[in-house]
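Undergrad: Right, I'll just put the structure down here and ask away after.
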Amino acid sequence: MIPQLNKYDLNFPHANDANEDGIVAWGGDLNPSRLLKAYTNGIFPWYSKDDPIIWWSPNPRLIMELDDFKLSKSLKKSIKKFTYKFDSDFEEIITRCGTKDRKDQNGSWIQKDIIEAYTELHGMGIVHCIGSYQDNKLVGGLYGVIVGKIFCGESMFADVNDASKSAYAVLIYHLKEWGYDFIDCQVPTNHLKSLGAKEVSRDYFLTRLNKSNTEKIEHFWKIDNSLIR
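In the working numbering, the protein residues as written are 5 to 233.
As structure tokens, then:
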């Protein structure tokens with residue numbers, strides 16, 4: 005039986021207690037303290053509209069080692085087509101991530117309560133985003149949660165070809181420069197695997213996560229154009 009979280013207790017079952025589908029628990033709420041507790045323990049929320057909150061820690065887990073990112077020649081050219089900003093237009097980016105039609109996906113898990121919760125975390129400096137712009141118009145982007153030296157990627161969108169992949173590449177350039185460890189891609193997808201992400205066991209992921217949790221990187225989330233090449 006999947007345990008239900010107590011609204012007044014922020015503790016989670018251990019991630020390794022997840023069922024075979026990767027579900028750790030259900031219920032609770034999306035207050036900042038609970039969300040931060042979840043991410044620091046390798047757990048994240050993912051659920052459909054009108055369903056209770058479901059908390060996951062999949063096995064295998066997908067991660068992107070920063071040095072493993074595959075930059076194709078075509079993507080390298082695409083990067084130069086855009087300008088980029090960190091932490092601008094966050095609400096628009098997360099909302100667009102939620103409304104973008106996706107192949108083989110009926111609807112989005114990014115509902116109003118998710119937008120409100122992650123916008124609050126953004127205001128606290130825990131969630132960050134990067135946007136791609138053409139003629140000062142937002143055309144793509146992504147956002148994620150910072151846990152120690154890990155960027156936990158949540159979602160991305162693109163209205164123009166390669167707009168989100170270019171933002172992802174620029175993010176990786178900066179994360180490497182700032183000393184981050186890796187990107188948590190959460191659930192395995194062929195798209196992210198094609199960019200260099202790899203599947204690892206939950207135990208391996210949790211070991212890396214616990215090690216990275218002990219360090220916090222201090223820096224400004226500001227685009228360094230010298231890193232965009």
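C-beta atoms are modelled at their ideal positions from N, C-alpha and C, and glycine is treated no differently.
1) Does the Cβ-Cβ distance between residue 134 and residue 171 come in under 8 Å?
2) Quick check: the Cα distance between residue 122 and residue 167, rounded to an integer number of angstroms?
3) For residue 17, which residues from the same chain have a beta carbon less than 7 Å from its beta carbon, with the 5 sequence-adjacent residues on both sides left out?
4) Going by Cα to Cα distance, which pick from 143, 34, 74 and 148 is closest to residue 129?
5) Consult DSSP for residue 102 and reduce its assignment to one of helix, strand or coil.
6) State the start and end residues of the unbroken alpha helix (DSSP H) segment that holds residue 193.
7) May I ask you to report which of helix, strand or coil DSSP gives residue 12?
8) Establish whether the CB of residue 218 and some CB of chain D are separated by less than 8 Å.
9) Of the choices 77, 90, 145 and 83, whose alpha-carbon is the least far from that of residue 99?
10) For a quick check, are the C-beta atoms of residue 34 and residue 49 less than 8 Å apart?
11) What is the residue span of the beta strand (DSSP E) that residue 126 lies within?
12) With DSSP collapsed to three states, give me the class of residue 44.
13) Residues in the same chain with beta-carbon distance under 6 Å from residue 37, minus the five sequence neighbours each way, listed in chain order, please.
14) Pull up the distance between the alpha-carbon of residue 233 and that of residue 90, whole angstroms please.
15) First and last residue of the beta strand (DSSP E) that includes residue 137?
16) By how many angstroms is the C-alpha of residue 180 removed from the C-alpha of residue 64?
17) Following the continuous beta strand (DSSP E) through residue 182, name the residue where it begins and the one where it ends.
TA: Reading it off the structure:
1) Reading the sequence shown from its first residue, position 130 is the one you call residue 134. Reading the sequence shown from its first residue, position 167 is the one you call residue 171. Going by C-beta atoms, residue 134 is nearer than 8 Å to residue 171.
2) The residue labelled residue 122 in the question sits at position 118 within the sequence shown. The residue labelled residue 167 in the question sits at position 163 within the sequence shown. Roughly 22 Å separates the two Cα atoms.
3) Counting from one through the sequence shown, the residue named residue 17 turns up at place 13. Excluding positions up to five away in sequence, the list reads 7, 28 and 29.
4) Walking along the sequence shown from the start, residue 129 turns up at place 125. When only C-alpha atoms are compared, the closest one is 148.
5) On the sequence shown, residue 102 is found 98 positions in, with the first residue counted as 1. Of the three classes helix, strand and coil, the one that applies to residue 102 here is helix, per DSSP.
6) As a position in the sequence shown, residue 193 is number 189, starting the count at 1. No alpha helix (DSSP H) holds residue 193; DSSP gives it neither H nor E.
7) Your numbering for residue 12 matches position 8 in the sequence shown. Reduced to three states, the DSSP call for residue 12 is coil.
8) Any reference to chain D falls outside this structure, which holds one protein chain only.
9) Within the sequence shown, numbered from 1, the residue matching residue 99 stands at position 95. Checked all of 77, 90, 145 and 83; the closest Cα to residue 99 is 145.
10) Translated into positions along the sequence shown, residue 34 becomes position 30. Translated into positions along the sequence shown, residue 49 becomes position 45. Yes, they are a contact pair.
11) Reading the sequence shown from its first residue, position 122 is the one you call residue 126. Careful: residue 126 lies outside any beta strand (DSSP E), inside the alpha helix (DSSP H) at 116-127.
12) As a working note, residue 44 is residue 40 in the sequence shown. Residue 44: helix per DSSP, three-state reduction.
13) For the purposes of this step, residue 37 is identified with residue 33 of the sequence shown, where counting begins at 1. Result list for residue 37: 14, in chain order.
14) The residue given as residue 233 occupies position 229 in the sequence shown. The residue given as residue 90 occupies position 86 in the sequence shown. Approximately 17 Å, taken between the alpha carbons.
15) Along the sequence shown, one-based indexing puts residue 137 at 133. Per DSSP, residue 137 belongs to the beta strand (DSSP E) from 131-138.
16) One-based indexing of the sequence shown puts residue 64 at position 60. One-based indexing of the sequence shown puts residue 180 at position 176. Distance between the alpha carbons of residue 64 and residue 180: 24 Å.
17) For the purposes of this step, residue 182 is taken as residue 178 along the sequence shown, with counting starting at 1. From DSSP, residue 182 is part of no beta strand (DSSP E) but of the alpha helix (DSSP H) over 167-182.
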